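Residue numbers (my numbering): 31 to 266.
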């Protein structure tokens, strides 16, 4: 699918704020190790700082400008595309498509808003730390649930912790106005994000497909657009 790129030609690399303590801490220890211990330990800590910078990278994205579509909330692999009712905690009616994206430890872990709207409900539910790829993780694992009122109907995002991911960060609050592609949180070290689409939406992705947070359209109010259709985009 072609896009109309309206973003600046180049943007400086970014690091998510959640990564600052990890990167700076490892770098500081590396300096101390070079000075007080050994070069070997110093270089190992330099590699650790680089690994932390890689994990917490926050790349710029070009988000399609479409009022009737949802973009992926995360980078990763689509593991489930199913029709079901959202979790009861979200207080949403109607069977709708659920699209689940699994994030490996190598994926970008910044989470992004799927579509414009207003946050109506946000809650955190304590739970277990099962493998996030398992179906039961949606209701058994620790998670943060967000319901958003969009122009085409309400939708929801669920951030789900996993075996390694033990910290969910969500910067949204009830009443916040959000924009498609806007970063809103992060899950550390491997996780899963579910999107519950507005009623009547059609999935644009399939299980096993790789998606890019803030860029890949995962569902829309109409069937999949033929290849080659141009879309306006904005930087996010």
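Think of the CB as a built atom: it goes at the ideal place given N, C-alpha and C, for glycine as much as any other residue.
In this text, all values refer to a predicted model and were calculated from it rather than measured experimentally.
Looking at the structure shown, is residue i part of a helix, part of a strand, or coil, going by DSSP?
i           : result
residue 127 : strand
residue 169 : helix
residue 150 : strand
residue 115 : coil
residue 202 : coil
residue 120 : helix
residue 185 : strand
residue 219 : coil
residue 33  : Per-residue confidence for residue 33 stands at a pLDDT of 43, beneath the threshold of 50, marking its modelled position as unreliable; no derived number is given.
residue 197 : coil
residue 179 : strand
residue 208 : strand
residue 258 : A caution first: residue 258 carries a pLDDT of 47, below 50, which makes its placement in the model unreliable, though a value can still be read off. Of the three classes helix, strand and coil, the one that applies to residue 258 here is coil, per DSSP.
residue 135 : coil
Excluding the 5 residues flanking residue i on each side, which residues of the same chain have their C-beta closer than 7 Å to its C-beta?
i           : result
residue 204 : 149, 150, 151, 152
residue 154 : 174
residue 209 : 143, 146
residue 179 : 147, 148, 150
residue 71  : 63
residue 4   : Residue 4 is absent from the structure shown; the chain starts at 31 and stops at 266.
Within its chain, find whatever has a CB closer than 6 Å to the CB of residue i; leave out the 5 residues flanking it on each side and keep chain order.
i           : result
residue 254 : 234
residue 228 : 182, 183, 185
residue 59  : 75
Just to check my reading of the structure: residue i and residue j have Cβ atoms closer than 8 Å, yes? What is that Cβ distance to the nearest angstrom?
i          : j           : result
residue 87 : residue 136 : Between residue 136 and residue 87 the Cβ distance is about 11 Å, and since that is not below 8 Å, they are no contact.
Within the same chain, show all residues whose beta-carbon is closer than 8 Å to that of residue i, passing over the 5 residues directly before and after it, in chain order.
i           : result
residue 119 : 153, 155, 175
residue 83  : 45, 49, 53
residue 237 : 108, 109, 110, 111
residue 121 : 151, 177
Which residues does DSSP pair with residue i in a beta bridge?
i           : result
residue 232 : 250
residue 110 : 130
residue 213 : 142
residue 225 : 129, 187
residue 158 : 171
residue 240 : 107
Can you give, in chain order, each stretch of the beta strand (DSSP E) that sits fully within the segment 46-99 and has at least 3 residues?
Segments of the beta strand (DSSP E) lying fully in the segment 46-99: 92-94.
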